Each structure stands twice: as C-alpha cells, then as structure tokens.
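Going down the list, the sequences are from chains A and B.
First residue of the first sequence? That's 1 in the working numbering, and the numbers climb one at a time after it.
First residue of the second sequence? That's 1 in the working numbering, and the numbers climb one at a time after it.
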Amino acid sequence: AAGVIQSPRHLIKEKRETATLKCYPIPRHDTVYWYQQGPGQDPQFLISFYEKMQSDKGSIPDRFSAQQFSDYHSELNMSSLELGDSALYFCASSSVSSYNSPLHFGNGTRLTVT
Amino acid sequence: GQSLEQPSEVTAVEGAIVQINCTYQTSGFYGLSWYQQHDGGAPTFLSYNALDGLEETGRFSSFLSRSDSYGYLLLQELQMKDSASYFCAVRDQGNQGGKLIFGQGTELSVKP
C-alpha cells in the first residue's frame, strides 16, 4: 500500500540558511500534519492542513511556513535556520472522515543545522 | 489543554507481558491512541480506544477507562523486536484536522 513519502531523508544546512521539506500524503487522504521531534522527545505538532487549507497551528516559529498544494503535497519551509532546529521532521496524513482515523507517518527528514 | 503522563522507561524479558500506563487530562475527549516508534523510525499506529474496555489486536491490547482518564497498552509474548518507544496520544478536537497530542513516550527494552 502507498505510504507517506517525505524528501529528503537527510538534510544538512548551516545556520541562517533555508530548508524546504516535502511531503506526499497517502492518496485520498485529506489532512496533512507536520511534527518536529528532538532526540528522546515526543513529536511536537507544528501545523496541519485540511483540504489544502491550514486547519491548526502549534508551536511553529515565525521563521517556518508551510502550505499544501493543489495535488495535496505539502512543503515546510524553514528560514534563518538555528542550531536548535536540528531534529527529525515528520509529515503524517489521515482521512478524517471520523475522528478516530489514525495518522500515517512518513519516514521523516533528519535536519542537521551546523 | 491536553497533557498525558506515561512512564519514561520499562524493561522486560522476552516472552513476558508488560503494561504501559497512560493518564491524561483533556478539555474534550476524542479517544486514546497508541503509537510505536523504533529508534530513528516513524511512529506507527497500534491501537485506538474511544469507549471503555479492552481492544485486542494480536499480541497487543489497549484498555481505556474514561472515568479514570486512564488507559494502558498491554504487550504479550514480548519479542526483541518490540524494543521501541511507545506513545499514548489524544486528539485535541473532534473535527477535521484535529491534531494528535503525544505523551512523552515510554522506552521499552526487551532483554533476552
């Protein structure tokens, strides 16, 4: 079965640079979520989209922005990168026909800021 | 807001049974979910409880008591591959796009 696809898998950037992470949700899933996970921590919610409209926003820095495109893929843009942005970034998708729909996570992008 | 508490780590031996507890505080309740995450991997869905009682899926079972704001994940016939982090999670709203709020995770170590 098709899964959530994220690219790139690994990304190394320097401080103050910009990074773009991409996510391709499972076909026919209408909701996309972005999470950030630091070492030994739980996934922290950043932002979500339902049918290409932003539906919720978490503790996402102003330096970060995201959007969902007409083909349902989503991109997380991160500017003025800081050392503390180094983390695993997960995208997840779900079909929210009912609130018990599980989230399907991609394999994540490991961002390292040097 | 929502908050969840679970033990930080649990150790058990192969073939044993282990229970990972989770207590939660939510402004609204839309079910309790469990996710497994191997080191460096993606969280994967294990189980979901919306109503009180036990849900069984193979070697894994999950229990919910809404009156106690409490649930647990039960893993039976433990295998080495079950060594992973286990997260309980709640949704913050019932409508479309409601995000999952995760507990801090329980690291399970299965010893030979």
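Glycine included, every Cβ here is placed at the ideal spot set by N, Cα and C.
Treat the numbers as computed from the prediction; the structure is a model and nothing was measured.
Judged by DSSP in its simplified three-state form, B:L46 adopts strand. Less than 8 Å divides the Cβ of A:I60 from the Cβ of A:L46. Scanning A:L103, A:S101, A:V96 and A:C91 for the CA closest to the CA of A:R110 turns up A:C91. Comparing alpha carbon positions, the residue from B:T106, B:S8, B:Q76 and B:S65 closest to B:L32 is B:S65. Fewer than three pairs of CB atoms, one per stretch, sit closer than 8 Å, so the stretch 5-17 of chain A makes no contact with the stretch 61-72 of chain A. For B:Q93 and B:K99, the gap between their C-alpha atoms comes out near 7 Å.
B:L75 has B:V18 and B:F60 as its beta-bridge partners, per DSSP. By the rule that beta-carbons nearer than 8 Å mark a contact, A:G106 touches chain B. Below 8 Å, enough C-beta pairs join the stretch 66-82 of chain B and the stretch 24-39 of chain B to call them touching: three or more. Contact between B:T106 and B:E9 is confirmed by a C-beta separation of about 6 Å, below the 8 Å threshold.
At least 8 Å separates the CB of A:S74 from every CB of chain B. Proximity to B:Y48 across B:G41, B:F60, B:A42 and B:Q104 peaks at B:F60, based on C-alpha coordinates.
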